[in-house]
Every structure is written in C-alpha cells, then in structure tokens.
Amino acid sequence: MLTAARSALAPLLLAAALGCRPLDGPDLSLVGTWAVLGFVDHGVAADVEGSALFTAYGAYTFDISRVEFPGEPPDAFVVSGTYQMSGDRVTLSGSSGGVVTYGLLADGDRVIMTSVGRESVTRITLRATSR
C-alpha cells in the first residue's frame, strides 16, 4: 500500500497528467446525475458500477450496484445525505452521521473527488450523464 504522503500526492499527480483543474467559478455545481467510473480506497482500486445524484437542494445519493475489490466478493450499497460546496471542495454528510470532505478536480465532463484530511485517501471518479 502507498504511504500516507504518497497517497496524498497521487491525486495531484494524476490531475496534472490528465490536465484537470480545480472545480470552481462557474463550474462550481455538482447538480445532476453522474456515472461512477472509479473508486479507490486505501490505494486499492475497485471495479465499480453505479450512479450519483446531486440535487439543487443539497441532497446526494450514491447508488452503487456493484463494487468489487481484488480478492473480495462483490457488494452493492446506497449512501445518501446532504452536501455543501465551498470553493473547490464538497462536504458530504451521510444520513448515518459520517462526514467526509473531498477536493474536486474537473476534466471536461468528469470530476475526481479526493478525500481531504483523512489518513486513508479515497478517490471517486464521476462522469456527468445529465446536468
């Protein structure tokens, strides 16, 4: 597994390589429906299928129909709650009480969400399907 420092730098290096930019200014909205293209937790990538919905009223839902980490059985789940945007960050507050802040990087119709201030880095890649 990657060290914490390498994990923290990996999204920035990926963003530079892909030509991503912070999601800010007129692009600040996550409102719409997104396909979930990628999910990385603790430096381990999972095969993932699912969608995310962000409403104009500050609610979100991730509906993951399949997530499978290497060597583990597939799983499915739905997570929902509220979100709040602040600059190039979004804070998700889950209905079960968990709170996670993500930095946002944009590349065309794609957004990379990378957890901020956590020991283990989580990265979620989304592609807009309707906005």
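Numbering (the numbering used here), first residue to last: 288 to 418.
Glycine residues also receive a C-beta, built at the ideal position from the N, C-alpha and C atoms.
Quick caveat: nothing in here was measured; it's all calculated off a predicted structure.
Item, Value
"Limits of the beta strand (DSSP E) - the one that residue 336 falls within", "331 to 341"
"Range of the contiguous beta strand (DSSP E) that encloses residue 394", "386 to 394"
"Option in 365, 330, 370 with minimal Cα separation from residue 406", "330"
"Distance between residue 358 and residue 370 (C-alpha atoms, nearest Å)", "32 Å"
"For residue 322 and residue 410, believed in contact at Cβ under 8 Å, the rounded distance", "Contact flag wrong, Cβ pair sits at about 16 Å."
"Residues bridged to residue 408 [DSSP beta-bridge criterion]", "Partner(s): none; residue 408 has no beta bridge."
"First and last residue of the uninterrupted beta strand (DSSP E) at residue 353", "346 to 355"
"Start and end residues, beta strand (DSSP E) containing residue 379", "376 to 381"
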